[in-house]
Structure formats: C-alpha cells, structure tokens
Amino acid sequence: LCNGYGPTETCFCTFSRTLDRYSSAGNIGYGSGCNTWIIDKAGTGLAPMGTKGELFIEGPIVANGYLDDPEKTRQLFIENPPWLPDGWNETGRKFVAYKTGDMVRYNPDGSVECFGRRDTQIKIRGMRIDLGEVEN
C-alpha cells in the first residue's frame, strides 16, 4: 500500500511512501521530482534537521501561479528565495518555490512528517476550506 501527498499547486504525488502497520499517520514520505525545503518558523532560513518549519516545494512540478490572481501568486510562489543556497543546482536558473503552509520536519531517515497547517485551512473531501471565511 502506498501513500501520496501533493498540493494542488504541484504534482499530485510530490511525496510518497510505502505503508506498513508501524507507519506514522503524519509521515508523508520522500520528495519526488522536486526539491523540498523546510524553512524556519520565522521564514528567514532553512530549519535545522528534526525541527518543525514550513514546507516549500521547488522544481518543474510547481505551477506558474494562480490564474488571474497576481497578488496570491506573489505571496505563495516565491522567486529566488533568500534562504536558497547560492549557486544551488544550475547557475543562472530562476528558482520559484511554492509556500505550502504545511508545518513539517525531516525525520532521521530523510522522510518528511506533517504536523498540520500554519493557517486555518482544512480539507473536506479534498476541498480546501479556510475556517476564517466560514465563521458566523
């Protein structure tokens, strides 16, 4: 049995792992076809191994942005993030990292464990709902 994880803004299977009876429910597995970055809670640098931070996804599986919503695109699709190591991968390449809003950490085996959201979004039957928009 396999588990896949991926936000709509990336590939449906950005992370995957094989399940067994001892698997943690929050373990989303290993990144595939992308670079995964965990950024500290302040949003200023890479989080140390084993500490929680926000998941960013970078690579060819990341969308170009939101249709007719340049403000939301600017907020969540970060161009050339300052925490990205200088010269990483290819010289002159434009980097865009998608800010997922998911709070995660790297496990000692390199897999990623998800602990929830940074905001008040939840998923109901695959649809994202912001609880702040449905209050009262």
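The UniProt record's numbering applies: residue 1 is where the sequence shown begins, and numbers increase by one.
Glycine residues also receive a C-beta, built at the ideal position from the N, C-alpha and C atoms.
Query                                                                                                                             : Result
Alpha-carbon spacing of residue 48 relative to residue 108, whole angstroms                                                       : 12 Å
Reference residue 100, options 25, 1, 9 and 32, closest by Cα                                                                     : 9
Cβ neighbours of residue 59 in the same chain (closer than 7 Å, five flanking residues each side left out)                        : 33, 34 and 35
Separation of residue 122 from residue 63, as counted between CA atoms                                                            : 21 Å
Chain-order list of residues whose beta-carbon lies under 8 Å from that of residue 103 (same chain, five-residue window excluded) : 52, 53, 54, 55, 114, 115, 116, 117 and 118
CA-to-CA distance, residue 105 to residue 41, given in whole angstroms                                                            : 11 Å
Rounded Cβ spacing between residue 112 and residue 12 (contact assumed at less than 8 Å)                                          : With 8 Å as the limit, residue 112 and residue 12 do not qualify as a contact, their Cβ atoms being about 16 Å apart.
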